[in-house]
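Numbering (our numbering), first residue to last: 432 to 635.
First the structure, in the form of structure tokens, and then the observations on it.
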Ligand SMILES: CC(C)(COP(=O)(O)OP(=O)(O)OC[C@H]1O[C@@H](n2cnc3c(N)ncnc32)[C@H](O)[C@@H]1OP(=O)(O)O)[C@@H](O)C(=O)NCCC(=O)NCCS
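See below:
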């Protein structure tokens, strides 16, 4: 079983961490195989959290997650049905993972090898990470991000890129804390007032 790695400063897997909203004695053991599960003790109830590969059948759940948990442009560019279908129709170049609390999708992340739409440089784009509002600031965005990074590293990808709205301070901090550096800023990319910050993480 592969243990997901959390960056320095975030709670270590297998260690006691606080994962409930009211931060009461939960602990979890986050692992990432289809069989493994992350038990989360919420009050008296034990929840099980898992990372799973997402499939076309999950499109409705992803759209619902985004609708309720991610404000649209200029802050964030929500996925629509067409963009999601593109991901699942192109499994060689796109990949999406979901974080489940029991059977509820509470987070997702995706990457696509289509950075060329922004630049001539070769690389992969992390195109989305969204965490349900009720589960934020518990290290779960970091978990999804690191899962994607380690998968790309395994695939010998040298450059990982992403773009974020400059208004999206939380995301900018999340990515910066995990080694991404800002290398460009462009104005009005997605329409007037919709600027983008460009970040990269490179491996030698
Ligand atoms: C951005 C997002 C994915 C972060 O998810 P998360 O699970 O809260 O992230 P983490 O708990 O792993 O945060 C790691 C660190 O990032 C920083 N961070 C995250 N959200 C932050 C916020 N709103 N304000 C300031 N710092 C923030 C903090 O330093 C945090 O560590 P800390 O909680 O120990 O201080 C989540 O807020 C979200 O889904 N936003 C809407 C969609 C979106 O904008 N996605 C990113 C663009 S692709």
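We put the beta carbon where it would ideally sit given N, CA and C, even for glycine.
The criterion of a C-beta distance shorter than 8 Å is not satisfied by residue 612 and residue 627.
Residue 595 places its beta carbon less than 8 Å from that of residue 603. As DSSP reads the structure, residue 555 sits in a beta bridge with 591. Taking 4 residues as the shortest admissible run, the stretch 491–528 contains the following complete alpha helix (DSSP H) segments, listed from N- to C-terminal end: 512–520. Three or more beta-carbon pairs drawn from the stretch 486–506 and the stretch 552–568 are found closer than 8 Å, and the two stretches are therefore classed as touching. Distance from the CA atom of residue 521 to the CA atom of residue 618, rounded to whole angstroms, is 30 Å. At the C-beta level, residue 621 and residue 513 stay beyond 8 Å of one another. Taken through DSSP and simplified to helix, strand or coil, residue 607 comes out as helix.
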